[in-house]
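Undergrad:
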Amino acid sequence: MMSSPFPTLIVCVFYAYFVKVIGPRLMENRKPFRLQNTLVIYNAIQVVLSLWIFYEIAMSGWLTGHYSFRCQPVEYNNNPRTIRMVHACWWYYFSKFTEFIDTIFFILRKKQSQVTMLHVIHHGCMPLSVWFGVKFTPGGHSTFFGFLNTFVHIIMYTYYMLSAMGPQYHKYLWWKKYLTTLQMVRHEKNDKVKVNGNLSSANGYVGPKWQTVDRTETNLTNGHAGNFKLNGLSNGVTLGSALKNGKDIANGHGDIMQRKVQQQI
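What follows is the structure in structure tokens.
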């Protein structure tokens, strides 16, 4: 998969076609699946996977004192710490494929309204976006995106796991509004760190050229979100009220911020 971006691209294109065309057709005359136990197990696995990747990225640089939060170049050597970070980056890349299952659960539960263009673009572009990072810059400041993202996913998938366990656990989910805020902050920080080629240019660090590919995914996602904010709230639902009053969704089907807003439209 790492020798060329085309296998990843093919998988991503097939994912988009499946969730927008093949999946809905297969479920058209079928009843929605009840997947409560499956959702609990899936989310638990995602929590463990995210926790492990977060730990590996942290112990390879970010929480060891070796990495600088202000400016950290990529290291190209055979140091065990560097190799550990490379492996962590590959597993982060792999995890982006496992998150396709989020959308498949939408299809199986006949929640097609949740499979929005924003959702598909985000999930469909992420593996290809991460591929370039793993291939050319598996270290340095490029890994901060994965470091932050996996931390948010630990909390996010824990929320979805508890939510999927049934109404008796919903009383423990009072912190969902803080998760929404964390998601919004995560997206904002990712925009500034992942795609800004002049991240620390004043300190002698210039982001790698491949990050223009990441910029494409971010611009597509943010562009669609911008149109959504301007045109998608025609029912009188504001972004603030959607985030404040959004109903719970039982399981991991994308970012919680997106899911809450999408439910109201």
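Residue numbers (the numbering used here): -16 to 248.
Each residue gets a CB set at the ideal place from its N, CA and C atoms; glycine is no exception.
Bear in mind that the values here come from a model prediction, so they are computed numbers and not experimental data.
Once DSSP output is grouped into helix, strand and coil, what is the label at residue -16?
TA: Here residue -16 sits in coil by DSSP.
Undergrad: Check this for me: beta carbons of residue -6 and residue 80, under 9 Å apart or not?
TA: Against a cut-off of 9 Å, the Cβ pair of residue 80 and residue -6 comes out as a contact.
Undergrad: Are the beta-carbon atoms belonging to residue 54 and residue 122 less than 9 Å from one another?
TA: Not in contact: residue 54 and residue 122 (Cβ atoms no closer than 9 Å).
Undergrad: Taking 9 Å as the threshold (C-beta atoms), are residue 75 and residue 40 in contact?
TA: For residue 40 and residue 75, yes; Cβs fall inside 9 Å.
Undergrad: Just to confirm my understanding: we take residue -10, look at its own chain, exclude 5 residues before and 5 after, and list those with CB closer than 7 Å. What are they?
TA: -16.
Undergrad: Enumerated in chain order, which unbroken segments of the alpha helix (DSSP H) with a length of 4 residues or greater are wholly contained in the region -13 to 29?
TA: If we require 4 residues or more, the alpha helix (DSSP H) runs fully inside the region -13 to 29 come out as -11 to 0, 6 to 10.
Undergrad: Since residue 89 and residue 95 are thought to touch, with beta carbons under 8 Å apart, how far apart are those beta carbons, to the nearest angstrom?
TA: Confirmed, about 7 Å.
Undergrad: Identify whether residue 135 lies in helix, strand or coil by the three-state DSSP scheme.
TA: The answer is helix: DSSP assigns residue 135 an H, G or I state.
Undergrad: Return the CA-CA distance between residue 47 and residue 14, expressed in angstroms with no decimal places.
TA: Residue 47 and residue 14: Cα-Cα distance of roughly 51 Å.
Undergrad: Since residue 69 is in the alpha helix (DSSP H), which residue starts that stretch and which ends it?
TA: 63 to 81 is the span of the alpha helix (DSSP H), which, as asked, contains residue 69.
Undergrad: By Cβ distance below 6 Å, which residues in the same chain neighbour residue 109 in space, the five residues on each side in sequence not counted?
TA: Excluding residues within five positions, the ones whose Cβ falls inside 6 Å are 79.
Undergrad: DSSP three-state call for residue 96: helix, strand or coil?
TA: Three-state DSSP puts residue 96 in a helix.
Undergrad: Using C-beta distances below 7 Å, list every residue in its chain close to residue 92, excluding the 5 sequence neighbours before and after it, in chain order.
TA: Cβ neighbours of residue 92 beyond the five flanking positions: 15, 16, 18.
Undergrad: Look at residue 145 and residue 156 and say whether their C-beta atoms are less than 9 Å apart.
TA: Their beta carbons are under 9 Å apart, which means residue 145 touches residue 156 by this criterion.
Undergrad: Return helix, strand or coil for residue 152, following the three-state DSSP convention.
TA: Residue state, collapsed to three classes: helix.
Undergrad: Please return the same chain residues whose Cβ sits closer than 6 Å to the Cβ of residue 130, not counting the five positions on each side in sequence.
TA: Closer than 6 Å at Cβ, skipping near neighbours: 40, 45.
Undergrad: With DSSP as the reference, label residue 121 as helix, strand or coil.
TA: Coil at residue 121, not helix or strand.
Undergrad: Please report the straight-line C-alpha distance between residue 125 and residue 69, rounded to a whole angstrom.
TA: Answer to the nearest angstrom: the Cα atoms are 12 Å apart.
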